[in-house]
Every structure is written in structure tokens, then in C-alpha cells.
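Enquirer: Each residue of the sequence shown is one higher than the one before, counting from 1 in UniProt numbering. Every residue, glycine too, gets a C-beta built ideally from N, C-alpha and C. Remember, predicted model here, so these are calculated numbers, not experimental data. Mind looking over this structure? Questions follow.
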Amino acid sequence: MIVLHGEQVHCLICKHGFEFDIFVGSALVDMYAKCFEMRAAGRMFDEMPERNLVSWNSMIVGFLLNKLYDQAVRFFTEVLGETLITPDQIIKTGFGMNTCVSSSMITMYAKCGSLVDAQRVFQESEYPNVVSWTAIISACQQHGCANQVIELFENMLEEGIKPDYITLVSVLSACSHTGRVEEGFAYFNSMTTVHSLNPGPEHYACMVDLLGRAGRLNEAKRFAESIPIKPDASVWGALLGACRNHGDLEMGRDVADKLFEIEPNNPGNYVLLCNMYTRNGRLEEANEVRRLMGVNGVRKEPGCSWIDVKNETFVFTAHDRSHSRTKEIYEMLEKIKQLVKKKVYVAATQFAINNVEEYKEQSLWYHSEKLALAFGLLTVPAGAPIRIKKNLRTCGDCHTVMKFASEIFNREIIVRYINRFHQFVDGLCSCRDYW
């Protein structure tokens, strides 16, 4: 409906002959982009006889709003080629210390798996504000560096910077992923008593996750049922994950039923419950969950891992043999297997999909992240970190193998799943095995 009003205004502009005005044209590009009509925005941009920095920025921001990131980068590259246009607020133009730019760079480096670069940008910021502080706190939280999160948060308060809603989400999440139950509740209570912030669904979900990860499932359930707002999927999802981690099938089934009502099309909830049934040997119930998925038209997202080598992305699925270097990859995989078995490695067969006992351990070795690791060891130069991305949560067995591999091959291995990173160095993980 909004875009229809915009089109009517556009028609009036054309009727009165203002469509070629550079400021009007830029505004129209911005309007169409914000209405998620990038084709119309592109046509308007192409028809402009003259463009300025605002015009280009409107298109770039439009691509970002519409999650068309490749096009945003392409347009930015074109800006650099325009002799009469100088991009604003980037490092080479002298705006590297601008707080908005530095905050975006911190987030960018963190999401790319380079916490060191994110920290460097923050340290070079002259006047960090709440956005900058929150960006670096979130970066450390994503990378499992809870001690740094707490230290940064306390430094932020000492600097007189008032935290915001998102800052506390990161702080509570850091407490959750390191078992800091008492500290977590202290920070949660300080939201209202000290910082005048009202907790939201994300904060409540963090607290349920905090108790759940610590194995205090009954407390977590009571907390979820006592919050002043109706618990959403994030709250119950945190509890379901905790039930999976601690093997509480009965509570997990009850929580899953709540999630099926709230978000019936989310395959993750079905998969978690199905896996819990399978690990407990209750195959009939597991099959019933699969049948329910079929009835509701829900399909599990296939797990995959990918790794970037020399500006090219290589994607792997479980048991993948589509790569041109498959023979070398599987030979390296066998080498990894033999080397880790000389350590104290014991296959975590509870994470195997195959139900046939004698094939469980073998199937674990063909998980997508292990294939990506083998390929990375073959192709990534010595000394450079091996960065692996995965669309689903990595399994416990792969996590163990990554630790051994980092020590055996003397390589830094960084694995990102969903929005968290695990950094493996010298046989240890940044999560300290509390994840």
C-alpha cells in the first residue's frame, strides 16, 4: 500500500517535470528501496541524468536493506570508479575513526571471524559511544570470550556510557555460555534497578538459557513460566536446547509441543525432539516426529559447511564426493582419523545419524565440517587460519576432532555455526567446552 502512494507521488513529480532533479531523483530511489522495490529503484537510478553521492548511497543502502549484499559491494566498487564522486566515511578518505564507520567495521570483522581486527578498530576509535562499545562487546560474545565481555562492559560503565537493550543481551549471553549464573542474574536485575531498561524476550531467553546450560532445568522452566510477558519461541527454544544437552526427554517433549504451536513450520524444533528420541532408543516416537513433519509440510534444512580458498567458496554436505579433489580429501580425512585416534579420542556416536551400530562411527567421519577441514588442510597456506562456516549447529564429535586437529597440525581453526564462533588453538576451544 505504501509503495502505491509513492508511485502516485512519482507520477505527480513527472507531471510537473521534476523527475530529473537530482535531489528528487535521489529521494525517489530511496523511497523505492525502502519499499523493497529494488527494480523500480534501479530503473529510477539509471534514468537519472546526473547522480551525486546521495544517489549512490541510496542505492547501496537499498541493497543492504533488501539483503542484496553482492550488489551493494558491486555498486560501491562502481562508486570508487567515478572520478567526480568521493565516497564518504571510509578509511582511505579519512573517516576511519568516525564512530558509525568504526562500529560497522567492528561488526564486519567479527562476523568474518577476525576478532583481533575488530578489537584493533575499537582501540583506534577516538570517541567510542554506546554503539561502538556494544559492537565490540557483541563481537567478543560471538567469539566466546566471556571474560573480555565482562571486562569491556565494566569499563564501559566506568566511562559513563549508558548501556542499551542490545548491550545487555550480549552480556547475558556471555554469562550463559560460561555458566556465570549468579553474575548473569546480577546483570539481569541491574537492567531495571540501575539502567532503567525493561527486559525483553531476548533477555528472558538468555536467562532461561543461562539456567538450562547449567543443568538447572526445573528452575529454567519455572523462570520461563513466570516472566511478565508471554514466552515466545526464543524462550522455549532455549529450554528445548538445554533439554537436549542434558538429556531430559520428558521435559523436552513438553517444551517441543509448545514450540510446535508457536512456530509449526520451524524444522529445528522437530529435529531436536527427533534426535532426543533417537538417542534414547525410542525409534517409534522419532518416526512419529518425522511423520508429523511430513503432515505439516516441514522439511529439514540440509546441513552443509563451506570454506573460502583464494576467493572461491567450496561447499560440502555430509558424505560429499562431488569435489574434483575428493580422493585427496578423503585421504586427508583418513589421516586425520588415524592421528586423532592416537590421542584420547573416543567417537561420540550419539551424534551419528545412522542407526546401525557398526556404521555409526564411520558416518561421523563424513560430516560436512570434517570434509571442509580436510580440504582446508590441503589448500590453506601454512600459518593462515582455516575458517569454516556451517549453517547448522556443529556436533560434539566434530567439535572434539577440531580440537585435536588444531594441536596435531599446529593450525588455528575457526568454525562458525549460525552466529557463534569456535576458535580452536593448541587442542583447546575458546568455548572451553561449555556450549
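1) Just the Cα atoms here: how many angstroms apart are Ser104 and Ala135?
2) Which of the three DSSP states, helix, strand or coil, is assigned to Ile307?
3) Specify the secondary structure class of Tyr417 as computed by DSSP and reduced to three states.
4) What does the alpha-carbon distance come out to for the pair Glu312 and Tyr366?
5) Please check the pair Ala41 and Val29, which I expect to be a contact at CB under 8 angstroms, by giving their CB distance rounded to whole angstroms.
6) According to the neighbour-count rule (16 or more other Cβ atoms, all chains shown, within 10 Å of its Cβ), is Ile418 buried or exposed?
7) Would you grab the beta carbon distance between Glu202 and Ser234 for me? Rounded to a whole angstrom, and I think it's under 8 angstroms.
8) So is Gly297 buried or exposed if we call it buried at 16+ other beta carbons inside 10 Å?
9) Give every residue of the same chain whose Cβ lies closer than 7 angstroms to the Cβ of Thr394, excluding the five residues on either side of it in the sequence, and list them in chain order.
10) Assign His143 to buried or exposed, taking buried as 16 or more other Cβ atoms, counted over all protein chains shown, within 10 Å of its Cβ.
11) Determine the direct distance from the alpha carbon of Thr167 to that of Ile22, and round the result to whole angstroms.
12) Which full runs of the beta strand (DSSP E) of 3+ residues lie inside the stretch 320 to 398, going along the chain?
13) With H, G and I counted as helix, E and B as strand and the rest as coil, what does DSSP make of Leu239?
14) Take Gly96 and list the residues in its own chain whose beta-carbon comes closer than 6 angstroms to its own, dropping the five residues that flank it on each side.
15) Within 10 Å of its beta-carbon, does Ala174 have 16 or more other beta-carbons around it, so buried, or fewer, so exposed?
16) With a 10 Å radius around its C-beta and 16 neighbouring C-beta atoms as the bar for buried, classify Thr83 as buried or exposed.
17) Give me the Cα-Cα distance between Lys15 and Gln8, rounded to the nearest whole angstrom.
18) At 4 residues or longer, and completely inside the stretch 221 to 284: list those alpha helix (DSSP H) runs for me, N to C.
19) Can you name, in chain order, every residue of its own chain whose Cβ lies under 6 angstroms from the Cβ of Lys389, other than the five neighbours on each side?
20) If we count the other Cβ atoms within 10 Å of its Cβ and call it buried at 16 or more, is Asp46 buried or exposed?
21) Between which two residues does the beta strand (DSSP E) harbouring Phe316 extend?
22) Which residues mark the beginning and the end of the alpha helix (DSSP H) in which Glu154 is found?
23) Have a look at Ser406, Arg290 and Thr326 and flag the residue whose alpha-carbon is nearest the alpha-carbon of Lys343.
Expert: Looking at the atomic coordinates:
1) 8 angstroms
2) strand
3) strand
4) 22 angstroms
5) 5 angstroms
6) exposed
7) 7 angstroms
8) exposed
9) Glu369, Val415 and Tyr417
10) buried
11) 40 angstroms
12) 386 to 390
13) helix
14) Caution applies to Gly96, whose pLDDT of 45 falls short of 50 and renders its modelled position unreliable; the value that the coordinates give is listed next. Closer than 6 angstroms at Cβ, skipping near neighbours: no residue.
15) buried
16) Low confidence applies here, because Thr83 scores a pLDDT of 48, under 50, leaving its location unreliable and the question unanswered by this model.
17) 11 angstroms
18) 233 to 246, 249 to 262 and 267 to 279
19) Trp306 and Arg416
20) exposed
21) Glu312 to Thr317
22) Ala146 to Glu158
23) Ser406
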